[in-house]
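J.:
Number of protein chains: 2
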Amino acid sequence: MTISIAHLGPAGTYGEMAAMAFSNKLSQVGQQSFLCPYPSITQTLWAVSQGQVNLAVVPVENSIEGSVTITLDTLWQLDILEIQTALVLPISHGLISLASIFEEVKTVYSHPQALAQCQGWLEKFVPQVQQIPANSTTEALEYLERDRSAAAIASQRAAELYKLPVLAYPINDYPDNCTRFWVLKKGCTEIENSALELIINTIDKPGNLVFTSLGFTVPANVPGALVKPLQVFAKREINMSRIESRPTKLYLGDYLFFIDIEANSNHNYVRVAIEELKTYTKVFKIFGSYSLMAIN
Amino acid sequence: MTISIAHLGPAGTYGEMAAMAFSNKLSQVGQQSFLCPYPSITQTLWAVSQGQVNLAVVPVENSIEGSVTITLDTLWQLDILEIQTALVLPISHGLISLASIFEEVKTVYSHPQALAQCQGWLEKFVPQVQQIPANSTTEALEYLERDRSAAAIASQRAAELYKLPVLAYPINDYPDNCTRFWVLKKGCTEIENSALELIINTIDKPGNLVFTSLGFTVPANVPGALVKPLQVFAKREINMSRIESRPTKLYLGDYLFFIDIEANSNHNYVRVAIEELKTYTKVFKIFGSYSLMAIN
Numbered sequence: 020m021t022i023s024i025a026h027l028g029p030a031g032t033y034g035e036m037a038a039m040a041f042s043n044k045l046s047q048v049g050q051q052s053f054l055c056p057y058p059s060i061t062q063t064l065w066a067v068s069q070g071q072v073n074l075a076v077v078p079v080e081n082s083i084e085g086s087v088t089i090t091l092d093t094l095w096q097l098d099i100l101e102i103q104t105a106l107v108l109p110i111s112h113g114l115i116s117l118a119s120i121f122e123e124v125k126t127v128y129s130h131p132q133a134l135a136q137c138q139g140w141l142e143k144f145v146p147q148v149q150q151i152p153a154n155s156t157t158e159a160l161e162y163l164e165r166d167r168s169a170a171a172i173a174s175q176r177a178a179e180l181y182k183l184p185v186l187a188y189p190i191n192d193y194p195d196n197c198t199r200f201w202v203l204k205k206g207c208t209e210i211e212n213s214a215l216e217l218i219i220n221t222i223d224k225p226g227n228l229v230f231t232s233l234g235f236t237v238p239a240n241v242p243g244a245l246v247k248p249l250q251v252f253a254k255r256e257i258n259m260s261r262i263e264s265r266p267t268k269l270y271l272g273d274y275l276f277f278i279d280i281e282a283n284s285n286h287n288y289v290r291v292a293i294e295e296l297k298t299y300t301k302v303f304k305i306f307g308s309y310s311l312m313a314i315n
Numbered sequence: 020m021t022i023s024i025a026h027l028g029p030a031g032t033y034g035e036m037a038a039m040a041f042s043n044k045l046s047q048v049g050q051q052s053f054l055c056p057y058p059s060i061t062q063t064l065w066a067v068s069q070g071q072v073n074l075a076v077v078p079v080e081n082s083i084e085g086s087v088t089i090t091l092d093t094l095w096q097l098d099i100l101e102i103q104t105a106l107v108l109p110i111s112h113g114l115i116s117l118a119s120i121f122e123e124v125k126t127v128y129s130h131p132q133a134l135a136q137c138q139g140w141l142e143k144f145v146p147q148v149q150q151i152p153a154n155s156t157t158e159a160l161e162y163l164e165r166d167r168s169a170a171a172i173a174s175q176r177a178a179e180l181y182k183l184p185v186l187a188y189p190i191n192d193y194p195d196n197c198t199r200f201w202v203l204k205k206g207c208t209e210i211e212n213s214a215l216e217l218i219i220n221t222i223d224k225p226g227n228l229v230f231t232s233l234g235f236t237v238p239a240n241v242p243g244a245l246v247k248p249l250q251v252f253a254k255r256e257i258n259m260s261r262i263e264s265r266p267t268k269l270y271l272g273d274y275l276f277f278i279d280i281e282a283n284s285n286h287n288y289v290r291v292a293i294e295e296l297k298t299y300t301k302v303f304k305i306f307g308s309y310s311l312m313a314i315n
């Protein structure tokens, strides 16, 4: 069996780079796989939930711009996806254009997150430009062929793929710019081939840090309603590496919470903690226990 | 003195509607004011921090799409702005186009938040369209004059202002769609005219709920580091109405937290709580105590 991997396309996006990194890891253990680009993150996640593909690779969080909220919201909604592993991709943007000097550039296209990550550089070196959002960093490249005064912010790899010149690199304001991705499968299905198991087991070796991602809502208007769930972990010295609130979309001020703890939900003391946690929450979901995969 | 109020422009944005609502409130107490549109939220906040205007009105949070992260990040960075009041604006989108029927529409332009808020409606009624992000709901209207197959998602007021027909209304997926705005001034300056004081005092009447907005970072990699700050309020039965995490932009997994508590920082027991809170945080900032202003 060849494993199919959905990601945000088209070719040249950072999503594709993350999916390729995972695909390479699979081939190292003798497992073939191929990539399936989708036009949006929602469609990428729907594809795996409906069984069109075996796996999906989606961005969760960037070190500068924060959570990718569409990923969290869709994960909560779909309710049947399970995180297999996480990987962190360094992000390094270039200014890509057919213009020969900065002064010729009049417009810069890119994904809003990429524009935001280069704000300082743009203001310093091309203060004259109009910034225009695009659906992906790669989509931004479409504008360059027909307009020499247009530039796009995307990866060096995207510039190579589309045979376009890089005018400046790197242009991100913060050098330590990286994005965390999740690799997900449909929770109720088993991928027949054991290669996935194998690679997951290789990552989940003793001594490696294991994360568990959870989502929940708490009773409304109760002082300290969020403190009790957090105390469950604090009193057991379980570190919480992340907390993120999202609107329930029911009314303003009603939230759901996503947390990552540094613990494996298969361990008994974590199971007990989770059972206690459930008594303080209204809706509770567990998205999986997994380790961070090194990229090489 | 006439009070100047910065907001995200151009005319017809929801930011302008919020600024107008506040301006009307000022005129009810005999205070004249005028609006100053800025091309981005960052520039709106910079304008007030640099004394170009007296006040700024900016979106903080939408009931469907969540935090307006650029507002939180800029507020943390500028460090000198003080929240005067908050107001909640109902958001109701229309599909605006020169096309005569849905089938003619090929592209839909709007601010990404507005596109996201109408996703279900778009998929149901105009599944054939390509969705293209714009910098503001009003900017999206620019495309309509030259292209009958283009549509924009914006307010009814924007359609009236630009004399464009509304093809469908309302088209937001969730009926209870609203955005909270903050009215801010520079913390160290006094607005000479007492009308602002007057209106703030009118809002801050006894019995009205007062919120205090805080931001802080906690020591890294300490289990339960976030629990202690939250316990400070929980043990005093002070309700926390909101918590939001944002990346510090230093490295992945390092966060700062924004919380809103339902309490007035001028009251003694709250002062004591805040002093205790400071002992558990690395960087601590207070953005103001304020009440919610009713719009009428």
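Respectively, the protein sequence lines represent chains U and R.
Note that this note's numbering has the first sequence beginning at 20, numbered continuously upward.
Note that this note's numbering has the second sequence beginning at 20, numbered continuously upward.
Just so you know, even glycine gets a beta-carbon here, dropped at the ideal spot from N, CA and C.
Here the structure is a predicted model, which is why all the values come from computation and not from measurement.
#1: Rounded to whole angstroms, how far is the Cβ of Arg199 of chain R from the Cβ of Glu80 of chain R, which I believe are closer than 8 Å?
#2: Am I right that Ala171 of chain U and Tyr162 of chain U are in contact with their C-beta atoms under 8 Å? What's the rounded C-beta distance?
#3: List the residues of chain U whose Cβ lies closer than 7 Å to the Cβ of Asp98 of chain R, in chain order.
#4: So which residues of chain U does Gln250 of chain R contact, with C-beta pairs closer than 7 Å?
#5: Is there a C-beta anywhere in chain R that falls below 8 Å from the one on Asp166 of chain U?
#6: Got a sec? Which residues, its chain only, sit under 7 Å from Val72 of chain R by beta carbon, not counting five neighbours each side?
#7: Check whether the Cβ atoms of Ile262 of chain R and Ser59 of chain U sit closer than 8 Å, and answer yes or no.
#8: Identify every run of the alpha helix (DSSP H) within the region 229 to 294 of chain R, keeping only runs that are complete inside it and at least 4 residues long; order them along the chain.
#9: For Cys197 of chain R, would you say it is in contact with chain U, using Cβ-to-Cβ distances shorter than 8 Å as the test?
#10: DSSP has Phe303 of chain R in a bridge; who is on the other side?
#11: Return no unless some Cβ of chain R is closer than 8 Å to the Cβ of Ile83 of chain U.
#12: Write down every uninterrupted run of the alpha helix (DSSP H) in the region 180 to 211 of chain R whose length is 4 residues or greater and which is fully enclosed by it, in chain order.
#13: So for Asn154 of chain R, helix, strand or coil by DSSP?
#14: Does Ala75 of chain R have its Cβ less than 8 Å from a Cβ in chain U?
#15: With DSSP collapsed to three states, give me the class of Pro78 of chain U.
#16: From Asn283 of chain U to Thr236 of chain R, what distance separates their C-alpha atoms?
#17: Considering only residues of the same chain and omitting the five flanking positions on each side of Leu160 of chain R, which have a CB-CB separation below 7 Å?
#18: So with CB distances below 9 Å, who are the chain R contacts of Glu142 of chain U?
#19: Check Val67 of chain U in the structure and name its three-state DSSP category.
#20: Kindly list, in the order they appear in chain R, the residues whose Cβ is closer than 9 Å to that of Tyr270 of chain U.
#21: Looking at the strands, I want to know which residues DSSP matches up with His130 of chain U.
#22: Which residues bound the alpha helix (DSSP H) around Gly34 of chain U?
#23: Pick from U:Leu311, U:Thr231, U:Ala253 and U:Thr300: whose alpha carbon is nearest that of Asp279 of chain U?
#24: Along chain U, in chain order, which residues have C-beta atoms closer than 7 Å to that of Pro266 of chain R?
#25: Counting only Cβ pairs nearer than 9 Å, list the residues of chain U close to Met259 of chain R.
#26: What residue from R:Pro152, R:Ile257, R:Phe252 and R:Met259 has the CA that sits closest to Pro131 of chain U's CA?
#27: Got a sec: is the Cβ-Cβ distance from Val291 of chain R to anything in chain U below 8 Å?
#28: Whole angstroms are fine: how far does the CA of Arg290 of chain R sit from the CA of Thr88 of chain U?
#29: Just to confirm my understanding: we take Tyr188 of chain R, look at its own chain, exclude 5 residues before and 5 after, and list those with CB closer than 8 Å. What are they?
#30: Output needed for Thr267 of chain R: all residues of its chain with C-beta closer than 7 Å, excluding positions within five of it in sequence on either side, in chain order.
#31: Does any C-beta atom of chain U lie closer than 8 Å to the C-beta of Ile120 of chain R?
#32: Assign Leu228 of chain R to buried or exposed, taking buried as 16 or more other Cβ atoms, counted over all protein chains shown, within 10 Å of its Cβ.
#33: Would you say Ile83 of chain R and Leu203 of chain R are within 8 Å of each other, going by their C-beta atoms?
#34: Can the beta-carbon of Leu64 of chain U be found closer than 8 Å to that of Thr93 of chain U?
#35: Do Tyr128 of chain R and Ala75 of chain R come within 8 Å of each other at the CB atom, strictly closer than that value?
#36: Name the residues in the region 144 to 178 of chain U whose C-beta lies less than 8 Å from a C-beta of chain R; which are they?
T.: Looking at the atomic coordinates:
#1: That pair is a contact at about 5 Å.
#2: Confirmed, Cβ separation roughly 7 Å.
#3: Within 7 Å Cβ-Cβ: nothing; Asp98 of chain R doesn't reach chain U, min ~17 Å.
#4: Result: Val246.
#5: It does not; no Cβ of chain R falls within 8 Å.
#6: So the qualifying residues of the chain are Ser23, Ile24, Ala25, Cys55 and Ala66.
#7: No, Cβ-Cβ distance for Ile262 of chain R and Ser59 of chain U is not below 8 Å.
#8: Every alpha helix (DSSP H) stretch that sits fully inside the region 229 to 294 of chain R and reaches 4 residues is listed by chain position as 246 to 253.
#9: At a cut-off of 8 Å between beta-carbon atoms, Cys197 of chain R makes contact with chain U.
#10: DSSP, once it has assigned bridges, lists R:Phe235 as partnering Phe303 of chain R.
#11: So yes, Ile83 of chain U belongs to the interface.
#12: With a minimum length of 4 residues, there is no unbroken run of alpha helix (DSSP H) contained wholly in the region 180 to 211 of chain R.
#13: Three-state DSSP puts Asn154 of chain R in coil, outside helix and strand.
#14: By this cut-off, Ala75 of chain R is not an interface position.
#15: In the three-state scheme derived from DSSP, where H, G and I count as helix and E and B as strand, Pro78 of chain U is classed as strand.
#16: Between Asn283 of chain U and Thr236 of chain R, the C-alpha separation is close to 26 Å.
#17: Cβ contact annotation for Leu160 of chain R (same chain, cutoff 7 Å, sequence separation greater than five): Ile115, Ala171, Ala173, Ala177, Tyr181 and Leu183, in chain order.
#18: Those within 9 Å of Glu142 of chain U in chain R number zero; the least Cβ separation is about 10 Å.
#19: Here Val67 of chain U sits in helix by DSSP.
#20: Residues of chain R passing the Cβ test: Ser82, Asp195 and Cys197.
#21: Residue pairing by DSSP places His130 of chain U in no beta bridge whatsoever.
#22: Gly34 of chain U -> alpha helix (DSSP H) spans Tyr33 to Gln47.
#23: Closest by C-alpha distance to Asp279 of chain U, out of U:Leu311, U:Thr231, U:Ala253 and U:Thr300, is U:Thr231.
#24: Contacts between Pro266 of chain R and chain U, judged by CB atoms closer than 7 Å, involve Ser82, Ile83 and Gly85 in chain order.
#25: Here the neighbours are Pro242, Gly243, Ala244, Leu245 and Val246.
#26: Comparing Cα-Cα distances from Pro131 of chain U to each of R:Pro152, R:Ile257, R:Phe252 and R:Met259, the minimum goes to R:Pro152.
#27: For Val291 of chain R, the answer is no, since every Cβ of chain U falls outside 8 Å of its Cβ.
#28: Inter-residue distance for Thr88 of chain U and Arg290 of chain R is about 34 Å (C-alpha atoms, whole angstroms).
#29: Excluding sequence neighbours, Tyr188 of chain R sits near Ser111, His112, Gly113, Leu114 and Gln175.
#30: Result list for Thr267 of chain R: Thr236, Asp273, Tyr274 and Leu275, in chain order.
#31: No, because no Cβ of chain U sits closer than 8 Å to the Cβ of Ile120 of chain R.
#32: Residue environment analysis places Leu228 of chain R among the exposed positions, since fewer than 16 neighbouring C-beta atoms fall within 10 angstroms of its C-beta.
#33: The answer is no: Cβ separation not under 8 Å.
#34: In this structure, Thr93 of chain U lies closer than 8 Å to Leu64 of chain U by Cβ.
#35: No. Outside cutoff.
#36: Per Cβ criterion, the list reads Gln150, Ile151, Pro152, Ala153 and Asn154.
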